Amino acid sequence: MMKQRAHLSLASHTITGAILLFLLIPIVSSQAELATGSSKGSRSSLIPEYRLDSDYLTRRYRQIRGEELFVFQSQWREMTSAGNPTPGAYRSGSIEIRSQQDIDDLLGVERVLGDLSITHVGNLDLWPLRFLRKVTGSFEIYDTEITSLVGLDSLEEVEGDFLLGKTELVVVCFGSLSCPGGPQFELRTYGNPRLREMKGLESLTRVGGDLDISNAPLLRSLLGLESLLEVGDLSIYNNSGLASLNGIENLALVNGDVGVNSNNSLKDIGALSGIIEVGGEITVRYNDSLDCPPFDLPFFPVDASSDNAVDCPVSN
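This note's numbering applies: residue 1155 is where the sequence shown begins, and numbers increase by one.
Shown next, in the form of structure tokens:
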């Protein structure tokens, strides 16, 4: 038994050493180029200093070789046990993320007592935020080149507004997010030209403020919102590839307005038939492919004296 354990331990150290050597080779090479003055282009300029640090090594390797080690980087950090959280760790005050180092500084934090914003940045690695469970203020990811929300899987609650706008996201993915916050909570996803799916929000049941889904030309449906029961305002507009509203069939209560406008591929709004009450006005307009009848939407009190507006271009 002791020999077996010794062999296992030796194998583990051998594998770890091999991985470390694998990461060091391009960096040591770049350092040699700096020392001899034989740099090629800007490659060596990516290595301003030499530090034996797992985060540094993996990040510098990604800069040299591209994005191919995204998954490997996560595994490497887990293997080195970096950033184990202190139970209840938190940061007070509003936090603005402007660099990867700003994100790294939050490694291990479970709660942000204030606003959290990630704006006007490139494609940052959100993995250091993997212990974050709650933001008591608003959470904004806006005008970034971020392509993945991997690292936010533990996020359970946002008490303020939740804004996802002008990103390179393909999928909205928050595995733990459920029943966020107070009556003014808003979920806004707009200006995300690569967004294809709303999956990852399967636990979301209530949005007290606005649910705004707009300017996502590759979005085909609203699958992923099947648990949603109540919203403040519902606004779905200018999603040129959206063919149906499938995914919000269980939505029953809209406390404010309903607006489904300028979705040129939208042919069917039958998913709205579960709504039993609308507190404000209803507009369904400028959806060039929409054939309204036959549909059964009992909450639509459309008549000559109504402020509601429904256009059915195909039927007219």
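Virtual Cβ for every residue (Gly too), placed ideally from N, Cα, C.
For clarity, every value in this text was computed on a predicted model and none was experimentally measured.
- Within the same chain, Leu1267, Glu1313 come within 6 Å of Thr1290 by CB-CB distance, once the 5 residues on both sides are set aside.
- Shown here, Ile1272 sits in a strand according to DSSP, grouped into three states.
- Taking the CA atoms as reference points, Glu1264 sits about 9 Å from Arg1284.
- Per the DSSP secondary-structure output, Asp1364 pairs in a beta bridge with Asp1387.
- Among the bridge pairs identified by DSSP, Gly1428 is matched with none.
- Of all alpha-carbon atoms in Leu1278, Asn1392, Leu1426, Asp1422, the one lying nearest the alpha-carbon of Val1304 is that of Leu1278.
- In this structure, the beta-carbon distance from Glu1351 to Leu1317 does not fall below 8 Å.
- Asp1269 sits close to Ser1292, with the two beta carbons spaced by under 8 Å.
- The C-alpha of Asn1441 is placed about 27 Å away from the C-alpha of Leu1358.
- Looking at the backbone, the Cα of Leu1260 and that of Pro1347 are separated by about 29 Å.
- Here Leu1283 carries a helix assignment [DSSP, helix/strand/coil].
- Leu1388 places its beta carbon 8 Å or farther from that of Leu1407.
- When the five nearest sequence neighbours on each side are left out, the beta carbons in the same chain lying within less than 8 Å of the beta carbon of Asn1404 are those of Glu1380, Ser1381, Leu1382, Leu1383, Gly1428, in order along the chain.
- For Ile1257, the enclosing alpha helix (DSSP H) starts and ends at 1254-1258.
- Going by beta carbons, Lys1421 and Leu1399 fall outside the 8 Å limit.
- Per DSSP, reduced to three states, the secondary structure at Leu1407 is strand.
- Using a 10 angstroms sphere on the CB of Asp1297, the tally of other CB atoms stays under 16, which defines it as exposed.
- Counting every other CB atom within 10 Å of its CB across the protein chains shown gives Ile1430 a total below 16, marking it as exposed.
- In the structure shown, the three-state DSSP call for Leu1372 is coil.
- The residue among Arg1287, Arg1252, Asn1417, Glu1310 with its C-alpha nearest the C-alpha of Ile1390 is Asn1417.
- Looking at the DSSP output, Asn1400 sits in no beta bridge, so it has no partner there.
- Contact between Arg1439 and Asn1415 holds: their C-beta atoms lie close to 5 Å from each other, under 8 Å.
- In the displayed model, Leu1306 falls within coil according to three-state DSSP, outside both helix and strand.
- Annotation: the continuous beta strand (DSSP E) that includes Ser1246 extends over 1244-1246.
- Partner residues in a beta bridge of Thr1301, as assigned by DSSP, do not exist.
- The C-beta of Ser1248 has fewer than 16 other C-beta atoms within 10 Å across all chains shown, which makes the residue exposed.
- Note that the C-beta distance between Ser1271 and Glu1299 is not below 8 Å.
- When DSSP states are grouped into helix, strand and coil, Lys1421 belongs to the coil group.
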